[in-house]
Every structure is written in C-alpha cells, then in structure tokens.
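Participant: First the structure, which I've put down as structure tokens, then a few questions once you've had a look.
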Amino acid sequence: MHYTKQLQTALLLCILFWSSCKKEDAHTPDPAYLRVKTVTDKTGNVLQYTYDGQNRLVKAEGVGMFYKEEMKYEPGKATWTLTNVDGSFTADYMLNTDGLAISKPQDGGNTLYYEYDNRQRLIRTYDGGLVPSETKHYYNAATGLKDSMRTTKGGLWQFSTWFMYYEDKTNTTGDDNFGRTYYGRQFPKPIKSIVLRRPDGNQVKVSVTNYTYTYDAQNRIASRTFTGNGQSGTETYTYY
Numbered sequence: 208m209h210y211t212k213q214l215q216t217a218l219l220l221c222i223l224f225w226s227s228c229k230k231e232d233a234h235t236p237d238p239a240y241l242r243v244k245t246v247t248d249k250t251g252n253v254l255q256y257t258y259d260g261q262n263r264l265v266k267a268e269g270v271g272m273f274y275k276e277e278m279k280y281e282p283g284k285a286t287w288t289l290t291n292v293d294g295s296f297t298a299d300y301m302l303n304t305d306g307l308a309i310s311k312p313q314d315g316g317n318t319l320y321y322e323y324d325n326r327q328r329l330i331r332t333y334d335g336g337l338v339p340s341e342t343k344h345y346y347n348a349a350t351g352l353k354d355s356m357r358t359t360k361g362g363l364w365q366f367s368t369w370f371m372y373y374e375d376k377t378n379t380t381g382d383d384n385f386g387r388t389y390y391g392r393q394f395p396k397p398i399k400s401i402v403l404r405r406p407d408g409n410q411v412k413v414s415v416t417n418y419t420y421t422y423d424a425q426n427r428i429a430s431r432t433f434t435g436n437g438q439s440g441t442e443t444y445t446y447y
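Note that our numbering has the sequence shown beginning at 208, numbered continuously upward.
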C-alpha cells in the first residue's frame, strides 16, 4: 500500500509537471497555442475548461458531477480553488515578474518553492519542512527536453523519473494548452514512456508507463492511452 501511494504521488508529480509575457500578473500564454475545451477520462467523467481574454485558465468544471477548479489572478499572485464533495480548498501561488510560481503554502505550515533556468524551465522545487523534500529536473542539452527528475527527502533518495518522447510530434495537451504556465515551459513533445525507479530495501524497483496517441485532422491530440503498473485507460480531448 505504501508503494502504491508513493507511485501514485510520483505519477501525479509527473502529470502536474506535464500537465511548463507580460510582466504584470500571471504569465500570459501565447495566443497561437490551442486551447483544450474538454477532457474525458477513462471512466467517462468530463471536465470543461474556460479561459479569460488573456488565454489563462479561469475554470475547470465537471459536466454532470460536483467538481470545480477556479483560478483568480492579481499582480504577483494566482489563487487556485478546488470545490468538490469533500469541501473547498484554496492555494495561493506567489508569482515572479514573468508570472512563474515561486512559492506555494503547503499543509502543516510549510512552503513549497520553485526555481527556473533562463529558459523558464523548472529546475528545482523544495520545501522548508523539518525533513525537507527536494526535486531536481534535468534537461537534454541537444533537444531541450526534460530527461529526468530526482526526488529526495532529508537528503535520502525517494525516487527518480525518466522521460521518453515522440519527438516528431507536437504536444497539444501541455500546460500552455490549458492556460497554465505558472510552472514554466514543460513538455513540448508528447511523452512516450515514463520510467520510475525507487529504492526498496537493498533493491531498486522499476515501473514503466507507456503512452500512445491518436490525432485529428488538424494534427491535434484526440486521445491519449496509458498502460502500465497493471492499469490502463484512455483520455479524449476537444479544443476551442
């Protein structure tokens, strides 16, 4: 059970970093980017996305289910609110002048911090807890794509993640396409595989999740199917 939770946390972290300007409030996505309208998950649940005049995400709402995410922007801050059957939860992202997240309060009074390189790519996150956690991000010098991530807690290795891509395709389901650019510029190419390695006593456990895609007539991602770790499923996408 502990391994399952750790794996879910790691994969969620990967998705969140998938899933990367005006110098005033939040980082404004390039208007040339496509905007995702709906995502249907493997169980048939549908989320519909709404954007403001600057192409930033303002709402993701469940169709026929009680689920809503909202984003509100002001100079130097973006506020995320989640409302579902468990209640309402809010987090404030503090932004730099490029609209990139530099900190976010965590449960227990800790703060998560973000660092970027001069290409606005996320290179490090860390917290200020008594047993601090840190994740470093590494990029391929030739392609510019993210090669791997390594997470430690209290200086001890927790897990590492490697990425492989379909380098001949464009990712139309990245952060820019959802109006979320406060994590920096992430994953311009669709991910082909995610390899997760974690310590297990004196051994190293390895798990692999593979992704395949279908495309519409405009070469936009129409669906994404994942298989791995005894699970599989397909998400479908529509666009504005």
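Virtual Cβ for every residue (Gly too), placed ideally from N, Cα, C.
If you're wondering where the values come from, they're calculated on a predicted model, not measured in any experiment.
Can you give me the Cβ contacts of residue 361 inside the same chain, cut-off strictly under 6 Å, excluding the 5 residues immediately before and after it?
Facilitator: Indexing the sequence shown from 1 puts residue 361 at position 154. Within the same chain, residue 361 has close Cβ partners 338.
Participant: Would you please state the rounded distance, in angstroms, between the beta carbons of residue 275 and residue 286? I believe it to be under 8 Å.
Facilitator: The residue given as residue 275 occupies position 68 in the sequence shown. The residue given as residue 286 occupies position 79 in the sequence shown. Going by Cβ atoms, the distance from residue 275 to residue 286 rounds to 14 Å, so no, they are not a contact pair.
Participant: How big is the Cα-Cα spacing for residue 265 and residue 378?
Facilitator: What you label residue 265 is simply residue 58 of the sequence shown in a count that begins at 1. What you label residue 378 is simply residue 171 of the sequence shown in a count that begins at 1. Using only the alpha carbons, I get a separation of about 22 Å.
Participant: Okay, do the stretch 360-374 and the stretch 305-315 touch, 3+ Cβ pairs below 8 Å being the bar?
Facilitator: No contact exists between the stretch 360-374 and the stretch 305-315.
Participant: Go ahead and pull the three-state DSSP assignment for residue 317.
Facilitator: Taking the first residue of the sequence shown as position 1, residue 317 is located at position 110. Correct three-state label for residue 317: coil.
Participant: Just the C-alpha distance for residue 444 and residue 341, rounded to the nearest angstrom, thanks.
Facilitator: Against the sequence shown, residue 444 aligns to sequence position 237. Against the sequence shown, residue 341 aligns to sequence position 134. Between residue 444 and residue 341, the C-alpha separation is close to 33 Å.
Participant: Nearer than 6 Å: is that true of the beta carbon of residue 333 relative to any heavy atom of the ligand MG?
Facilitator: This structure lacks the ligand MG; in fact it carries no ligand of any kind.
Participant: If you drop the 5 nearest sequence neighbours on each side, which residues of the same chain put their C-beta closer than 6 Å to that of residue 336?
Facilitator: Here residue 336 refers to the residue found at position 129 of the sequence shown. Here the set comprises 317.
Participant: Measure the Cβ-Cβ separation of residue 320 and residue 329 and say whether it is below 7 Å.
Facilitator: Here the question's residue 320 lines up with position 113 in the sequence shown. Here the question's residue 329 lines up with position 122 in the sequence shown. Contact: no.
Participant: Using CA coordinates, which residue listed in 302, 405, 388 and 390 is at the minimum distance from residue 281?
Facilitator: Here residue 281 is taken as the residue at index 74 of the sequence shown, counted from 1. Considering only alpha carbons, the answer is 302.
Participant: Would you tell me roughly how many angstroms separate the C-alpha atoms of residue 405 and residue 415, rounded to the nearest one?
Facilitator: In the sequence shown, counting from the first residue as 1, residue 405 sits at position 198. In the sequence shown, counting from the first residue as 1, residue 415 sits at position 208. C-alpha separation (whole angstroms): 12 Å.
Participant: Within this structure, are the beta carbons of residue 433 and residue 418 separated by less than 7 Å?
Facilitator: Stepping through the sequence shown from its first residue, residue 433 is reached at position 226. Stepping through the sequence shown from its first residue, residue 418 is reached at position 211. Yes, these two residues count as a Cβ contact at 7 Å.
Participant: Are the Cβ atoms of residue 243 and residue 258 separated by less than 7 Å?
Facilitator: Translated into the one-based positions of the sequence shown, residue 243 becomes position 36. Translated into the one-based positions of the sequence shown, residue 258 becomes position 51. Not in contact: residue 243 and residue 258 (Cβ atoms no closer than 7 Å).
Participant: For a test of the three-state rule: what should DSSP assign to residue 426, helix, strand or coil?
Facilitator: Position 219 of the sequence shown, counting from 1, holds the residue named residue 426. Coil, per DSSP.
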